[in-house]
Every structure is written in structure tokens, then in C-alpha cells.
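Here numbering that gives the first Met the number 0 is used: the first residue of the sequence shown is 0, the next is one more, and so on. Every residue, glycine too, gets a C-beta built ideally from N, C-alpha and C.
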Amino acid sequence: MMKPKRNGSTRSDKDKLIELEESSSDDEHDSFTKPVATSEGSTSVNADGIQRQLTGVYNTDPTDDIPPLLGNDAPFGQTANAASVSAQQLSEPEPVFHLRSRTAAVNAESAQAAIEQDTYESLDYEVCENKLFLEEERRWLSERFSLRKGIMRWIIFIQIGIITALIACVIDIVIETLSEVKYNILKKSVDENTPMRQESSDLVWPYLYWIAWSIVPVLIGTTMVTFIEPITAGSGMPQVKSYLNGVKIPRIVRIKTLAVKTIGVITSVVGGLAGGKEGPMIHSGAVVAAGLSQGKSTTFVKDFHIFKAFRDDHEKRDFVLGGAAAGVAAAFGAPIGGMLFSLEEAASFWNQNLIWRTLVASIISSFTLNIVLSAYHGLQSLTFTGLFNLGKFDQPLTFNYYELPLFMLLGITGGLLGAAWNSLNTKINGFRRRYFRWKLARVCEAVMVAILGVTLACMMIYLINDCRPLGNDPTAYPVQLFCEDNEYNAVAALWFQTPEATVRALFHDPPGSHKILSLTIFTIVYYILSCLTFGLNVSLGVFIPTALVGAAWGRLFAMLLFYTFPEASFLHPGKYALIGAAANLGGVLRMTISLSVILMETTCIEPSFFFPLIITLISAKWVGDYFNEGLYDIQIEVNHVPVLPWEPLPQYKGLTAREILSKPVICIKLHDSAQYIYDVLSSSNHNGFPVVDDVKDDRRAEGRVRGIILRSQLIVILMKSLYVEKKRFWLDETSIETFRSMYPRYPSIKSVRRLDEKMNYTVDLEMFMNPSPVRVNAHDSVPKIFNIFRALGLRHLLVIDNENRIAGIITRRDFLYK
């Protein structure tokens, strides 16, 4: 495949910078909030290879209101934002073979995908080891300072666990209180409007009450999500996963996001939507971690002047990972599962020390929630495990060797149902993106789905006669309806409680608690409702409805087998409900190790039952992977987020850096003028610039590489007037804190005052640049380069020739063309 090029127009030598053309892309309705458009690459060459456009290979600054550079590997038919560069800036002939070429037959969907992928920028997970950083490191060399920094890290992780657990407690208590009021009112209304032991009743008023109790909370939640903070829609797990992979998702870890997420999940669960509060806890934990670790609030413009040493993307990433694990631990009461979940599903970068700190945050989170909720419920012992409390089985769960094929069969079924669910949900969300583009339409859609759920539930309760004798505690809100005295309606019991309470009931209800017809219809209805719900503009997770559907058809499977083989004593319905829940979760989410540990910790089952769970989950994952990816990966791909996979794509094998790099590159001299730097920042939206010396005749692109400087650093240099001519005024007062103080919302170049008398000053970048950026040779293989890029969490990878001159640059999007 050939990399397409565009011809550039010749310009005079003084015009060495790019000019941007107008382009726009608005897609507010996606479940991800799109940032201001950015760019990754733009290169062009005329027929003779004489003129080339400046490359836009760098991620862009979202604070600058500049349209994206749509170039050779992004627009596919769109007009490129570019300008010519003089022949002086050429470095070497363009290679003949390029991977990312596209023919004219590339469809519009691929073009739109590339454009939307350009709208995301990367995070700087590489440590900038400039002179200012090394000076700080020398200060930390003493045992006292080193110990202090280590203690601060542990304090932050402990605080993350405590605060995440407290937020989970607030969510759980509010949901439980409001749900109790809701279902007591509904039960009372049903009892008052249903003549005892008669097959006629007036369920209009109960239906209207139920509708009101669904519409009002859902309307509040979806309005806040839609109009205040759209990034809070869904569980937040795809966004957190993207962030940890190195992609900057705007507004994902702001305090306003946390507030809207908390209120949104409460209103959605109370409103009765097919979702749970467990998934959003991961996002909430990530927000808590990001805020605490910085010691400042950009929302309230308040700097507490603590934890300054952790104000960079590299440190912040580790804390966010710990917050995600703490969120899982609080949601499920599973500290080990929380750590494994972060490792399996979220983390892209890992080390031994981070494992310990993440585990401690998870343990503290689970323990804090246990203490608070146990005290709130008046329990004498610490027995309240987590938000998703499935309860303990009365007897140890055992299995026989001849049940293993049944578990595998359930896993295969879960894989098929999960793949179908993912495919159907993707199509529904695609329909939403096309036809529900207006915010008001998204609000109305959420309300309509809530009404549909209530209507289907009422129809099931009214039409299915499933009366069961009252036991010790069959349900929290037993509804008699048309049943005899001392009986309750088993169908109403499935709906008149929160989804997690229904899952717990399916696990622990004694045999004979449900009819086959009831569970069959309930499984179908909830399967459809959950598929319709995930993708609405509400804050909800997919874990609970997926587990609920799986528990329903797993219990149904055991009931059918029992009717076929009534002598089979091993057919415990609760055991197969658990296996069914695991199978369905594995089919939708494609998680294995962490999910099995979470289920074990949540249900307090014996370690010996880990084998059936893992067999079921692996079967579900393998079958599901044959048809499509897991739900979180699908969401990431649909939104065209440039997340790096674990391995390079197959078509990159046999290629070298020369065949995927973008060039030529905007370079800055080691000692350059403020005028040139200002013009570069004003007329481009790149985020990284190679620093060169040994420049002849002002041909910067032919200089030798000395390092790399970031856009944010250059803006701070201009704002603080860190010029050579004024060095005596700022040298002693300038430190790494000068740059960290503006993190993470660095100002745009528009905020820099252009003073003519300062434009002729010189900037010495030796103190500020990263003198040792990762660089590779143009002849290195792409798989090798990919492993380096991903393992180190790079944002820019310089490609040099044998003389250490810049040959091009590689960013994450250069690895992602299929």
C-alpha cells in the first residue's frame, strides 16, 4: 500500500510555517465527549519530490481553537490543512513504499473514522529528564527527602481508597432509601387496587405511580448528563481504559464529572433502568485519584500547595489506576479482584511497586465501605462486603467431574448471547448517533426507555400467574395481587426490587421459587431492555444487568435439566445461576481471571469452585471473540479512540520505521529566536518539536538532534520571558515547579502577549528540553518500535538516520491503520 501525498505550493523562504484551513467536525452525541479537533500527521510532496508540507504528526493542544490538520493518512478525501515548506527544509527523499496508503475507493466511514481519531491527543507518560528535573532529583537523593516522597505516595493511595469508599457508601445509602420508599408506595398501591383473590383489578394507578417514579429520576439524571457533563454517560470504563492507555479524554477526571456521575447513577438506578451502580464506581475512583494526587483544583482555581512532585501525566496515571482498582473493590467488596481488574482490563503500564500500592488502595476501599455500611445497617460484625452484595450460599458449592461439560456448554451459550448482545447494542448505538443527534432527543429517548421498562414489567406481572407460598424472606416487597393468602406473586418479586437484589434472589431462592415461563420471559425482556439502556445518556454500568440476565437463564437451565432428569441431585439452581451470570458476563465483557476472582470474593464461595468459573469464562470468551470484541473495546473502536493494542497489527510485520513515519518535521534550534518560536506555536497546533543544532543556512530540518521540547514548555517559556538576555532575572528562581504550576491546563498561545521588543530575544532550550528522548533508526522494524513505544508510554518517537539527523517522527496513530 502506498502512502498518499498532496502537492504543496511554493512559498518564499520567509514563510516557513504552515497555514491552517477551515475544517470542523461536531459529533456531540457520541458516548465519548470529543475534544477540540487535533491532528496527527500531514505530509505532501509534488511530482518531483521537491516541495513538501510540514508534518502535523504531533498531538495538538486542545486549548487552541485551531482546526485539525487533515493529512495524508487521515482525511481520505477531505481537504488537508497544510502549507508548503521551502526546499531548504527537505531532509531526504521520500521512501517509495508506505503502509498507510488509501485508494480513491476508501469508503466514507473509514474517512470519518480517521478524522474522529485525529480529534484525540496523547498524554505525556515519558518523563522529561531535563536539567530542571535532574536538579529536583538531586534534592530528593537524600534519605530524608526520598522517604518523604515515598510516604506521600502511600498517603495518597490510602486517601484514594477511603474517599472512593465513602462515595460508594453515599450512593448505596441514597439508592437504598429512595428505592425502599418507591417500592413500598408501589406495593401499597397494588394491594389497595387489587381485590383479594379476584382475577380483576384496576392497575392503572399503580402503573401511573410506577411511571412517575421512573420518569422523574431518569429525567433528572439524563438532563444532567446531557446538558452539564456528557462525558459521564455510561459506565466510564472505556474512557478510563483509554486514559490509562495514554489517550487524553477531555473532562474525564474533573470534580464536576464526579458530581454529575454520582447523581446520575443514583437517579438512573432509582428510576428502574436496566443498569447498575457498580460500573460507574470505577470512573468515580479514577476522578478521586486524579484530584487528590494533584493537590489542587482547577475547577475551583484552588492550589493547596501539596503533592507538587506528582503533577505530571506519568505520576497521575499511576494514581488513576489505583483509583479504578479502589472503585472495583468498593463496588464488589473484592480488593484482590479490584487489583486484577485493573491489571487485566485497564492497565497498559505496570510495575511491582504499583501492584502493592494498588492492592493497598483496594483493601482500604473495601474495608472502609465494610465498616461504614455495617455500622449503618446496625450489624454487629463487619459482614457488609460491597455494593454488589450477592450473599453467602447456605452450603458449600461443590461440583462433579461430569458437570464440567455442562459448565462449558453454559460458557458457550454465554459467549453466543454476549456476542449477539454486543452486536445488537452496537447497531442500536449507531442508530442513535445517526438519528438522535439533538440533546433534547437523547433526553426523551432515556425517558421513553424507562416507560417501556415499566410497561413490560406491568404486563408480565398482570398476565403471568406465578403464585408462590410465602417463605422466611422470599422478597423484600411481596405483592399478593391475584394470589391466595400467604402467597406472593413471583413475577412481581423479580421487578419490585433493585437489579442487584434480584440477582441475589436468583442465587439464593430455594428450588421451585419460579416458573419456567416466568424466567423465560423475564430473561428475554431484560436482555432487550439492557441492550436498549446501554448507550443512553445516563450514568449506568452494564455489569449488573448482564449478571442478572445470565443468572436468570442459568437458573432456567438448571430447572429444565431437573425436569428432564428429576433424580439429578447435583442440579442446584443457585449454583447454575452463578455459572450463568459468569458466562453472560464473560460473553459481554470478555474478562476471565479478574471476573472469576470478583465473583468468588462477592459470593464468598470456596476456592475449589474457581475451576468451574474459569472454565466457563474462558469458554465464553473464546466463543465471543470469534464473532466480535468485548463491549469496552467495541465502545473504544466505535468512538475511534486511538488506543494501542497489546500487539502490533499483523500488516505491520516486515515494515520499517521509514515506511510509517511522517515527515518533514518542524524543528527548533537549540538557541532560537522568540519570534520564530511564537510563529511556530501560533500557526501550528503541534505538541512536540525536535531540538536541533549544527544548522546550516537556517535549514533546521537538516540539523542534528539534541532533544525534544513540548508545546506546553514553550508557552511557559514565552509567558515567563525566560530569554537569554534576561537570564540574570529568572535563572535562580526558575525550577521544575515553574512548569508544574500550570499543569494540567496549560494556557494557549493566544494568552501570550506578543511584544515586538521581545521577539528578537533568544531562547536557550538546553535547560528546558528533554535531552534524551527515545529515538530509533529509520531501518528499525515496526514491531520492535511498537514494543518500545507501548512499553514506555511514549507520545513522540523520533526517527533518525545514521548521522543523528531527524528523518521523521512516529506517534500512536501511525500504528493503528488496519
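Measuring only the C-alpha atoms, how far is residue i from residue j?
i: C466; j: A167; result: 36 Å
i: R812; j: P644; result: 12 Å
i: Y575; j: F556; result: 7 Å
i: G290; j: G629; result: 30 Å
i: R589; j: V548; result: 16 Å
i: E314; j: E125; result: 10 Å
i: V224; j: F299; result: 20 Å
i: S241; j: N638; result: 11 Å
i: L19; j: T256; result: Note that L19 has pLDDT 30, beneath the 50 cutoff, so the model's placement of it is unreliable and no number is given.
i: N369; j: K186; result: 30 Å
i: W349; j: I676; result: 37 Å
i: F785; j: P249; result: 25 Å
i: E756; j: A232; result: 50 Å
i: A567; j: F561; result: 7 Å
i: L577; j: M599; result: 10 Å
i: I597; j: A360; result: 16 Å
i: T733; j: S365; result: 43 Å
i: L616; j: L403; result: 12 Å
i: F608; j: Y487; result: 34 Å
i: R316; j: S593; result: 21 Å
i: R152; j: R138; result: 17 Å
i: V268; j: Q238; result: 21 Å
i: I748; j: L713; result: 9 Å
i: K33; j: P663; result: Interpretation of K33 is limited by its pLDDT of 35, a score under 50 that renders its predicted location unreliable; no figure is taken from the coordinates.
i: N803; j: F340; result: 42 Å
Determine the extent of the alpha helix (DSSP H) in which residue i is found, giving its start and end residues.
i: V203; result: V203 to F226
i: Y526; result: I515 to T532
i: T261; result: I254 to V269
i: T501; result: P498 to H507
i: D763; result: First-last for D763: T761 to D763, but that is the beta strand (DSSP E), not the alpha helix (DSSP H).
i: G579; result: P572 to L588
i: L451; result: K438 to L462
i: R739; result: I735 to R739
i: H313; result: D312 to F331
i: V637; result: L630 to V637
i: W355; result: Q351 to Y375
i: G417; result: L403 to Y434
i: D755; result: D755 to M758
i: P510; result: That residue, P510, is in no alpha helix (DSSP H); it is neither H nor E in DSSP.
i: V622; result: F609 to F626
Looking at the secondary structure, which residues open and close the beta strand (DSSP E) in which residue i lies?
i: F688; result: G687 to D692
i: G275; result: G275 -> no beta strand (DSSP E), and no H or E assigned at all.
i: A806; result: I805 to I809
i: I708; result: R703 to L709
Give me the Cβ distance between residue i and residue j, rounded to the nearest whole Å; I'm assuming they're in contact under 8 Å.
i: N583; j: G417; result: 6 Å
i: I210; j: I523; result: Going by Cβ atoms, the distance from I210 to I523 rounds to 22 Å, so no, they are not a contact pair.
i: L353; j: K247; result: About 21 Å separates the two Cβ atoms, so there is no contact after all.
i: L669; j: V690; result: 6 Å
i: V502; j: A419; result: About 21 Å; that fails the 8 Å criterion.
i: A656; j: N776; result: 7 Å
Across which residues does DSSP place residue i in a beta bridge pair?
i: P468; result: E486
i: N776; result: I799
i: I670; result: The sequence given here places His at residue 670; Ile does not occur at that position. The partner list for H670 (beta bridge, DSSP) reads D763.
i: V246; result: S121
i: K301; result: S296
i: T655; result: S780
i: G540; result: G275
i: S769; result: For the record, residue 769 in the displayed sequence is Asn; it is not Ser. Answer is I707, bridged to N769.
i: S750; result: DSSP, once it has assigned bridges, lists no residue as partnering S750.
Mark residue i as exposed unless 16 or more other C-beta atoms lie within 10 angstroms of its C-beta, in which case mark it buried.
i: V44; result: Only weak support is given to the placement of V44: the predicted model assigns it a pLDDT of 31, under 50, and the value that follows is read from those uncertain coordinates. Flag for V44 reads buried.
i: F406; result: buried
i: Q351; result: exposed
i: D302; result: exposed
i: P647; result: buried
i: M458; result: exposed
i: D311; result: buried
i: Y206; result: buried
i: H376; result: exposed
i: W729; result: exposed
For the ligand NAD, I want to know if residue i counts as a neighbour, meaning its beta carbon is within less than 7 Å of at least one of the ligand's heavy atoms.
i: S292; result: Although the ligand NAD was asked about, the structure shown includes no ligands whatsoever.
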